[in-house]
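K.L.:
Chains as they are written, first to last, in this note's numbering: chain A, 178 to 594; chain B, 90 to 160.
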Amino acid sequence: MVDISRTYSFETLLIHGGLEPGPAGATTVPIVQSSSFAHATAEELEDIFRGRKIGQVYTRVGNPTTESLEKRLAILEGGQSAIATASGMAAITTAVMAIVRTGDEILSSSSLFGGTFSLFRDTLSSYGITARFVDPTDLAAVKEGINDKTRLIFLETIGNPKMDVPDIPAVAQLAREGGVPLMVDATVTTPYLATGKALGADIVVHSTSKFINGTGSAIGGAIVDMGRFNWQSPKFPHFEQFFKKYRGFAFTARVRKLIHKDFGACPAPMNSFLLSEGIETLALRMERHCSNALQLARFLQGQPQVAWVNYPGLTDNAYHQVAKRLYGDKFGGVLTFGLADKTAAFRFINGVKLARNLANIGDAKTLVIHPASTICADFGPEEKRLMGVGEELIRVSTGIENINDIIEDFRLSLEQL
Amino acid sequence: MNLTVNGKGAIVEGKDSLDVNALLVELKVEQPDYVTVELNGDILERENFAQTLVKDGDTVEFLYFMGGGSR
Chain A
178 MVDISRTYSF ETLLIHGGLE PGPAGATTVP IVQSSSFAHA TAEELEDIFR
228 GRKIGQVYTR VGNPTTESLE KRLAILEGGQ SAIATASGMA AITTAVMAIV
278 RTGDEILSSS SLFGGTFSLF RDTLSSYGIT ARFVDPTDLA AVKEGINDKT
328 RLIFLETIGN PKMDVPDIPA VAQLAREGGV PLMVDATVTT PYLATGKALG
378 ADIVVHSTSK FINGTGSAIG GAIVDMGRFN WQSPKFPHFE QFFKKYRGFA
428 FTARVRKLIH KDFGACPAPM NSFLLSEGIE TLALRMERHC SNALQLARFL
478 QGQPQVAWVN YPGLTDNAYH QVAKRLYGDK FGGVLTFGLA DKTAAFRFIN
528 GVKLARNLAN IGDAKTLVIH PASTICADFG PEEKRLMGVG EELIRVSTGI
578 ENINDIIEDF RLSLEQL
Chain B
90 MNLTVNGKGA IVEGKDSLDV NALLVELKVE QPDYVTVELN GDILERENFA
140 QTLVKDGDTV EFLYFMGGGS R
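Structure (structure tokens):
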């Protein structure tokens, strides 16, 4: 395994960080497609269960292929440890349920991915957990939103599909002052734009199905513990036993030994392999996703049929300055734009030949979707407004094809509106 | 010195005492960055590993939060 105590650059860590040599000199991680793991003696298995010895037991709780992925993800975020899950929603559910209990509150960004919004508003509320939604770019509202019951602040690095860009280091400071952890969904940005460590997050969650996988071939999620939050607090009595025994690893220990083990949302080893493969080309792909998205956004801005374009890479975008400060000159692969109305939006989607009409982001292929009628269809007008989803809006996940072909596809479809 | 390590007797040849970091190396403890060390029933702070001496007769437990999970 590459010694990460040497300061390798991000691109090199993507390929070598955390990857150990496989059997017979294999250079990719072996797919250990086994549900369970046998041990020579009863004493050995007892030691593993007691935590005295490191060993595999059962793939729901741990698997060598998945563990390799976890090591790589932790290194990439500058984190202490990581837990891979079956999906991005499994990562959020597991991580959040490790922290909040009945009667607790989550202070959440109002501009969330629809699945997360639904989890917080509908599912968790039925267990007595309340989510308070605030505009994450309004720091005064975030500060005011923290109360005695708040146990977690949750936001997305770049809101999907609102495309707002919260000042995460500033929110992290407010979280520290409030004595609560900051959990950040970094799916849209990936550690290529900024690591969780650099942003000041306490916990980073991912849908690894998106840019980390990169080819739309596997569903997965990840929870990365930055190891910086002090869980020894009267706000978190349920962490006491884990803090006492595992100190800085209290969060990871509670997730791995209790919540993840009990919820059981483990990834298939095959998917862990596919996600590991994706990691190696993340930087190359993200570089192209970002440059293609910027060129596409600029093209769309000049088209008479397009009412508006929302992409933080555009210099006149409301979030351009904060995005530039946090992410340098990289603004991700996702953008949204508006046409005249829903009819025009549907005509546009039906008119593209190259871009695929589907509910995903982060694929090598360019993807388009009309969120109001699909991924946000279950939400009412007020919720859609909070999420920045109008009937005229189209979300684009810009792929890594030749940009001239993407622009030509969009140009031809706009012309036939 | 003679120690009890994870419930079993262990002999460290030629040493009367060792700091915890040195003991992790001496006993070839797996994944030393992730291990929790309990000395005579007390969990040690990681930042105190270098100053904490383990002596003859001590009981030491090495514990992993990934137990039952990761290799």
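Each residue gets a CB set at the ideal place from its N, CA and C atoms; glycine is no exception. Every value quoted in this text rests on a predicted model; they were computed, and no experiment measured them.
Which ranges would you report for the beta strand (DSSP E) in the region 269-303 of chain A if only whole runs of at least 3 residues count?
P.N.:
You should have 282-286.
K.L.:
Going by alpha carbons, who is nearest to F143(A) out of L250(A), V486(A), D299(A)?
P.N.:
As displayed, chain A neither begins before 178 nor continues past 594, which places residue 143(A) out of reach and without an answer.
K.L.:
Can you tell me which of F426(A), N324(A), S186(A), K542(A) puts its alpha carbon nearest to the alpha carbon of I380(A)?
P.N.:
In the first sequence, the residue the question calls residue 380(A) occupies position 203. Measuring from the Cα of I380(A), the nearest candidate turns out to be F426(A).
K.L.:
Starting from the N-terminal side, write out each stretch of the alpha helix (DSSP H) that is 4 residues or longer and does not extend beyond the region 208-251 of chain A.
P.N.:
Counting only runs of 4 or more, we get 219-227.
K.L.:
Using a 10 Å radius around the Cβ and a threshold of 16 neighbouring Cβ atoms, would you call K507(A) buried or exposed?
P.N.:
For the purposes of this step, residue 507(A) is taken as residue 330 along the first sequence, with counting starting at 1. So K507(A) counts as buried.
K.L.:
What would DSSP say about N110(B), mapped onto helix, strand or coil?
P.N.:
The residue you call residue 110(B) lines up with position 21 of the second sequence. Note: N110(B) maps to helix in three-state DSSP.
K.L.:
Within a Cβ cutoff of 8 Å, which residues of the same chain sit near A598(A), ignoring the five residues on either side of it in sequence?
P.N.:
Shown here, chain A extends from 178 to 594; a query on residue 598(A) therefore has no answer.
K.L.:
Give every residue of the same chain whose Cβ lies closer than 6 Å to the Cβ of A549(A), excluding the five residues on either side of it in the sequence, and list them in chain order.
P.N.:
Walking along the first sequence from the start, residue 549(A) turns up at place 372. V566, E568, listed in sequence order.
K.L.:
Relative to the C-alpha of H193(A), which candidate in T366(A), T205(A), I583(A) has its C-alpha closest?
P.N.:
For the purposes of this step, residue 193(A) is taken as the residue at position 16 of the first sequence. Measuring from the Cα of H193(A), the nearest candidate turns out to be T205(A).
K.L.:
My understanding is that E333(A) touches R309(A), with C-beta atoms under 8 Å, so please give their C-beta distance in whole angstroms.
P.N.:
As a first step, residue 333(A) is located in the first sequence; it is residue number 156 there, counting from the start. As a first step, residue 309(A) is located in the first sequence; it is residue number 132 there, counting from the start. So it is not a contact: roughly 16 Å between Cβ atoms.
K.L.:
Give the secondary structure of S123(A) by DSSP, where H, G and I count as helix, E and B as strand, and everything else as coil.
P.N.:
Missing from the structure shown is residue 123(A); chain A here goes from 178 to 594 and no further.
K.L.:
Residues bridged to V432(A) by DSSP?
P.N.:
Taking the first residue of the first sequence as position 1, residue 432(A) is located at position 255. Answer is none; V432(A) lacks a bridge partner.
K.L.:
How do the region 369-376 of chain A and the region 261-268 of chain A stand: do at least 3 beta-carbon pairs fall below 8 Å, yes or no?
P.N.:
The region 369-376 of chain A, when compared against the region 261-268 of chain A, does not touch it at the 8 Å Cβ threshold.
K.L.:
Tell me whether I100(B) is buried or exposed, calling it buried when 16 or more other Cβ atoms sit within 10 Å of its Cβ.
P.N.:
Taking the first residue of the second sequence as 1, we reach residue 100(B) at position 11. I100(B) should be labelled exposed.
K.L.:
Determine whether the beta carbon atoms of N265(A) and H383(A) lie at a separation below 8 Å.
P.N.:
The count along the first sequence starts at 1 and reaches residue 265(A) at position 88. The count along the first sequence starts at 1 and reaches residue 383(A) at position 206. Residue 265(A) is actually Gly in this sequence, not Asn. The answer is yes: Cβ separation under 8 Å.
K.L.:
Quick check: what's the CA-CA separation for M340(A) versus G510(A)?
P.N.:
Here the question's residue 340(A) lines up with position 163 in the first sequence. Here the question's residue 510(A) lines up with position 333 in the first sequence. One C-alpha to the other measures close to 11 Å.
K.L.:
Step through the CB atoms of chain A and report whether any lies within less than 8 Å of the CB of E115(B).
P.N.:
Walking along the second sequence from the start, residue 115(B) turns up at place 26. Output row for E115(B): interface = no.
K.L.:
Which residues bound the alpha helix (DSSP H) around G515(A)?
P.N.:
Residue mapping note: residue 515(A) aligns to position 338 of the first sequence, counting from 1. Where G515(A) is concerned, there is no enclosing alpha helix (DSSP H), although the beta strand (DSSP E) it sits in stretches over 511-515.
K.L.:
Between the region 424-436 of chain A and chain B, which residues of the former have a C-beta closer than 8 Å to a C-beta of the latter?
P.N.:
Within the region 424-436 of chain A, the qualifying residues are R424, G425, F426, T429, A430, R433, K434.
K.L.:
I'd like to know whether the C-beta atoms of A399(A) and E188(A) end up nearer to each other than 8 Å.
P.N.:
Working through the first sequence from its first residue, we reach residue 399(A) at position 222. Working through the first sequence from its first residue, we reach residue 188(A) at position 11. For A399(A) and E188(A), no; Cβs fall outside 8 Å.
K.L.:
May I have the straight-line CA-CA distance separating G146(B) from D439(A), to the nearest angstrom?
P.N.:
Counting from one through the second sequence, the residue named residue 146(B) turns up at place 57. Counting from one through the first sequence, the residue named residue 439(A) turns up at place 262. Taking the straight line joining both Cα atoms gives about 39 Å.
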